[in-house]
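Note sheet for the following structure.
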């Protein structure tokens, strides 16, 4: 029967309290509750449990309920305090990979003072958070992207970094859109470019001015150094090139009388500027044998080819170098004929340099012959076999020999694909397969490479950087998509598949950029080859998307592999155009190499074509001038720049309301007296009008477009005269 009654609590006892002087006090009765289940809860339930209005234990990455439901992770609306959030964000930025850290920092800058945005960024950036599956964005449209531009910036920040908008007013007032002579007159009365206000804040910290070079008063390089000295900072410790080339004896390699110290400056200029992008020979082995007068990794033909291109580059500083251009050009041509049947990696490298030099001088008829010969040599040496098996004798070669072969093979391969994509001519032939040699990476020999330490010994340093290995991977991807502009090839896909394959190629390339090393990210300390790398990247992306942009319904079909609602070839094209605008502006503003390297001019040509398309860019005129005066800054070292500029002026006269008077004024700025004398001998058969190139490649060339300049200018004069008569 006792089991039917509740057990009574014991009676209260009287206790003595020290505070009452020993008097007994009666304790307050304690609240009694019926023991029950302990509540399992949390102050911050996951979103799924909140929606279902069920209990959540708050465990991460999955609460108990979500584990039972088979979900991979929970989503929490974090209640972290602002101070804790800041500390957590600092920790995240310290532990994330460099590219993700920069991307997260850009998101923070755009978020402003929003606490909720900060917490959302922390949750998405935390390294221990697993990414949501793709279906999440499909199930919850609010988690997607409103535009492809936003998606590309979010997912691929290395290729599509976010920057503050450029002030068009500041650009119009800058020296970038006026002739060199006028710009130099203004800069002589102003502070140096790096200390005055610029339309952009990106760029290098004068990483190029390693040595003081004598500079002519009208040198375009002087815009970066108004006092005529490349840098006012203390001279850096001599690097490998400077240290070794102090002992150069040019009389061993050429019959042309040129001071060895002057030749050393020219060779260093090429090696520091264009060679990281071309990579056609190992620079350490070349310099070592050049100075030691050995012929294993250096040859007379290669030295003359380097000097032929290098003298063109150096003439941007000092016009005295121009006297050597024709002399080294003639000798290089003679050696090319002499070595034509002698297959070697050094001759392959020399032929690539020879073709680039001829192109820059407007001698296009021989450019593709040199490239074909270089490719043929590689095929006969077994560098491009039909199968994937390496040459039989490769195992017997030394590491240095393998390295030289790799540089030559991949250098020729990259140059051939470069010409096939950007110059699009029937005579261009890229190898059918990639080299079966490894991509050259890292320094070739550490014991004598690098820069001097305080004790006088060399420390290991990879002067080539990571640019050329990345370009090998890049051009290999482009090689697989070259059918976009060569539809007649046997390996070209059916017409109905091309749009989808172009989309996948576009995505493959932008996805690949997330694996690029930090040294290839655009920053204030980037070397001059980094922005050129990105200019090529976006020019290639424009080429992939361009054939599928237009008014036809098929060309405007949405892309399926991106989440943004407006994703298509047109929006992808516009996103890369915006990046190209910034790249051209940054490069012209901050890099003196923009005045003596021809390799970046592809960006100028592609940007002008893009801004003149319909619907026309509202800021087309200021960016057109930015590009035209970019060619003007290249006028002295490269004769072809004036012809290219003239062809683009003809296109502008045809497609815009530019007056004939303005076009003639710009042409006068572009054409020097020497160019006017040589213009009838210049050949430029590569494409100037990229849209016309698809339907009428013959009339879309630089030389044929330039011939139309006077016709379009006269037509504009007649129209203006008729309008004046009517008024």
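In our numbering, the protein residues as written are 2 to 728.
Ideal Cβ placement from N, Cα and C applies to all residues, glycine included.
Being a predicted model, the structure only gives us computed values, none of them experimental.
Pick from the options that is closest to residue i, judged by C-alpha positions
i	options	result
residue 615	368, 591, 551 and 634	551
residue 530	621, 270, 332 and 647	270
residue 581	258, 162 and 248	162
residue 591	224, 510 and 486	224
residue 311	295, 282 and 355	355
residue 289	165, 275, 279 and 304	304
residue 608	599, 593, 577 and 635	577
residue 244	292, 297 and 495	292
residue 417	719, 439, 375 and 396	375
residue 423	545, 512 and 653	545
residue 651	332, 346, 706 and 301	706
residue 503	635, 526 and 547	547
residue 384	66, 519 and 402	402
residue 586	373, 605, 709 and 296	605
residue 164	150, 295 and 500	150
residue 432	421, 426, 439 and 442	421
residue 439	73, 89, 411 and 429	411
residue 62	70, 69 and 76	76
residue 335	360, 313, 306 and 566	306
residue 377	352, 358, 357 and 364	352
residue 279	465, 434 and 635	465
residue 687	248, 708, 360 and 299	360
Backbone secondary structure at residue i - three-state DSSP
i	result
residue 47	strand
residue 275	coil
residue 240	strand
residue 588	helix
residue 77	strand
residue 129	In this prediction, residue 129 has a pLDDT of 49, which is less than 50 and means its spatial position is unreliable; nothing more can be read from the coordinates.
residue 364	strand
residue 516	helix
residue 371	helix
residue 716	helix
residue 165	coil
residue 61	coil
residue 531	helix
residue 284	helix
residue 525	coil
residue 247	coil
residue 182	helix
residue 66	helix
residue 537	helix
residue 381	helix
residue 560	coil
Buried or exposed (CB count within 10 angstroms, at least 16 for buried), residue i
i	result
residue 266	buried
residue 510	buried
residue 324	exposed
residue 498	exposed
residue 629	buried
residue 720	exposed
residue 543	buried
residue 48	exposed
residue 362	buried
residue 277	buried
residue 714	buried
residue 253	exposed
residue 666	exposed
residue 398	exposed
residue 91	exposed
residue 696	exposed
Span of the alpha helix (DSSP H), counted from its first residue to its last, around residue i
i	result
residue 607	602-612
residue 470	468-480
residue 627	621-634
residue 503	499-513
residue 155	149-156
residue 329	323-339
residue 405	400-423
residue 315	301-315
residue 656	641-656
residue 664	661-671
CB contact below 8 angstroms: residue i versus chain C
i	result
residue 292	Of the protein chains in this structure there is only one, and it is not chain C.
In the stretch 678-709, which residue ranges form an unbroken alpha helix (DSSP H) of at least 4 residues, counting only runs that do not cross its ends?
-> 693-696 and 703-708
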